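A.B. asks: What follows is a structure written as structure tokens; I'll ask about it next.
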């Protein structure tokens, strides 16, 4: 559990599960997942890590401990002004994937769902990100069959890295109901991705380029296009970082920040937009208005 995080779109993180079955960023030919890299360094050595990244480890009580943190509703964030006034935003699963097959639904219900809807948990917003939205949708249906609705303060998200991963969006949209916040983390974006067919049904797009040891290209044109498409559908758009290998066409754009996350150093035409959804009860807002960004500091 971390009470604070440098991740721009969250106040903190929590990992009820450490480790992962693998994905397009962590497999036999590619090792560029931050969580996997951290496990290679600290796995089996530092308390709280899985022995290895592919050994799924469940940690009971982490979510409940995080729920006890003070409410941030109405408060400002000096380093993240775009989150000013919002409830505490907690990113679930930045160091693993809680929806791996080895994690039973009963355990997810007790560890995550029951905590999120508890009196302390309801004060916060929980952003659950997975590369396995099909299993998240199955979990949502399993809860529904048991008479348990998807919590309104539990946002459902999936990661999109390339055009062929957009199939994940259709599964994500099966999670919860019409009032559920559905968001995408388009990071690291590795090629041009057209999200226009899905944008009217999505509530937040987070975009970013790749960092790490062997970062792949991020073209500024992708950010310009994504921002324009989100504006056309009034979908909140959050440009997290440009990554460590930034281009404009064939021209390399040097940035001092290793992740390209310092927007004061971005080229002038790059959209400095970090927006979040205004309200979760979407049916209460006929225009589905969006919150405007804070100012860079």
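In the working numbering, the protein residues as written are 16 to 312. Glycine included, every Cβ here is placed at the ideal spot set by N, Cα and C. Please read these numbers as outputs of a predicted model, since none were measured by experiment.
With DSSP as the reference, label residue 110 as helix, strand or coil.
C.D. replies: coil
A.B. asks: What are the boundary residues of the alpha helix (DSSP H) that includes residue 154?
C.D. replies: 148 to 160
A.B. asks: Looking at C-beta atoms only, is the number of pairs between the stretch 95 to 107 and the stretch 19 to 31 that lie closer than 8 Å three or more?
C.D. replies: yes
A.B. asks: Kindly indicate which three-state DSSP category residue 38 falls into: helix, strand or coil?
C.D. replies: In this structure, residue 38 counts as strand in the three-state DSSP scheme.
A.B. asks: Can you tell me whether DSSP reads residue 292 as helix, strand or coil?
C.D. replies: strand
A.B. asks: Are the CB atoms of residue 262 and residue 234 within a distance shorter than 7 Å?
C.D. replies: yes
A.B. asks: In or out: residue 127 buried (at least 16 other Cβ within 10 Å) or exposed?
C.D. replies: buried
A.B. asks: Have a look at residue 88 and residue 132 and give me their C-alpha separation to the nearest angstrom.
C.D. replies: Distance between the alpha carbons of residue 88 and residue 132 is about 17 Å.
A.B. asks: Buried or exposed for residue 314, please, with buried defined as at least 16 other CB atoms from any protein chain shown within 10 angstroms of its CB.
C.D. replies: In this structure the chain extends from 16 to 312, so residue 314 is not present and cannot be described.
A.B. asks: Measure the alpha-carbon distance for residue 323 versus residue 149 and round it to whole angstroms.
C.D. replies: Coverage of the chain is limited to positions 16 through 312, which leaves residue 323 absent and any answer about it impossible.
A.B. asks: If you reduce the DSSP assignment to three classes, tell me which class residue 55 lands in.
C.D. replies: helix
A.B. asks: Determine, using beta carbons only, whether residue 33 and residue 91 come nearer to each other than 7 Å.
C.D. replies: no
A.B. asks: Who are the Cβ neighbours of residue 269 in its own chain at under 7 Å, not counting the five residues just before and after it?
C.D. replies: No residues qualify anywhere along the chain.
A.B. asks: Using a 10 Å radius around the Cβ and a threshold of 16 neighbouring Cβ atoms, would you call residue 273 buried or exposed?
C.D. replies: exposed
A.B. asks: Go ahead and label residue 229 buried or exposed: buried means 16 or more other beta carbons lie within 10 angstroms of its beta carbon, across all protein chains shown.
C.D. replies: Burial is judged here by how many other beta carbons sit within 10 angstroms of a residue's own beta carbon; residue 229 has fewer than 16 and is exposed.
A.B. asks: How about residue 138 and residue 86: do their beta carbons lie closer than 7 Å?
C.D. replies: yes
A.B. asks: Is the stretch 39 to 57 in contact with the stretch 113 to 124, if contact means three or more CB pairs nearer than 8 Å?
C.D. replies: no
A.B. asks: Identify which residue in 93, 163, 200 has its Cα closest to the Cα of residue 253.
C.D. replies: 200
A.B. asks: Which value, in whole angstroms, describes the spacing of the CA atoms of residue 243 and residue 73?
C.D. replies: 41 Å
A.B. asks: How big is the Cα-Cα spacing for residue 80 and residue 21?
C.D. replies: 20 Å
A.B. asks: By DSSP's criteria, residue 95 is part of a beta bridge. Which residues make up the other side?
C.D. replies: In DSSP, residue 95 forms no bridge with anything.
A.B. asks: What does the Cβ neighbour count give for residue 108, buried or exposed, with the cut at 16 atoms within 10 Å?
C.D. replies: buried
A.B. asks: What are the start and end residues of each continuous alpha helix (DSSP H) run of 4 or more residues lying completely inside the stretch 196 to 279, in chain order?
C.D. replies: 235 to 247
A.B. asks: Measure the Cβ-Cβ separation of residue 77 and residue 31 and say whether it is below 7 Å.
C.D. replies: yes
A.B. asks: In terms of DSSP beta bridges, what is residue 171 paired with?
C.D. replies: 143, 197.
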